[in-house]
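Visitor: Numbering (my numbering), first residue to last: 15 to 91.
Quick one: the structure is below, questions incoming.
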Amino acid sequence: MAYIIAEPCIGVKDQACVDVCPVDCIYEGEDMLYIHPDECIDCGACMPVCPVEAIFPEAETPEKWHNFIAINADFFK
Ligand code: SF4
Ligand code: SF4
15 MAYIIAEPCI GVKDQACVDV CPVDCIYEGE DMLYIHPDEC IDCGACMPVC PVEAIFPEAE
75 TPEKWHNFIA INADFFK
């Protein structure tokens, strides 16, 4: 399991999460940022610092954003 970034990050990209991630597994894409599913250590540090609540533990991702689980993983393929 890993944490994932969902729709609220789109267009915000303030990178507050990047600053606190201890393993540097959050990467910037064109529209939003993405968490590498194999590099994330599930520490949870990024979740509270996101100003728009875009970050979730994969298993707690709201139903409407379940597609973002694959969107995060696919960014690294
Ligand atoms: S849960 Fe921890 S390791 Fe995973 S992306 Fe967030 S800060 Fe990085
Ligand atoms: S803190 Fe939230 S809005 Fe900011 S870049 Fe990270 S996921 Fe996107």
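Glycine is no exception: its CB is placed at the ideal position from the N, C-alpha and C atoms.
Are methionine 46 and cysteine 60 touching if we call contact CB-CB under 7 angstroms?
Guide: To locate residue 46, count along the sequence shown from 1; it is residue 32. To locate residue 60, count along the sequence shown from 1; it is residue 46. Contact: no.
Visitor: Around the C-beta of alanine 68, are 16 or more other C-beta atoms found within 10 angstroms, so that it is buried, or is it exposed?
Guide: Walking along the sequence shown from the start, residue 68 turns up at place 54. So alanine 68 counts as buried.
Visitor: In this structure, what does DSSP give as the bridge partners for isoleucine 19?
Guide: On the sequence shown, position 5 is the one that residue 19 refers to. In the DSSP secondary-structure assignment, isoleucine 19 is bridged to Ile69.
Visitor: Cβ of isoleucine 18 within 7 angstroms of Cβ of asparagine 86?
Guide: Here the question's residue 18 lines up with position 4 in the sequence shown. Here the question's residue 86 lines up with position 72 in the sequence shown. The Cβ-Cβ distance between isoleucine 18 and asparagine 86 falls below 7 angstroms.
Visitor: For alanine 73, verify whether its CB is less than 6 angstroms away from any heavy atom of ligand 1.
Guide: Indexing the sequence shown from 1 puts residue 73 at position 59. No.
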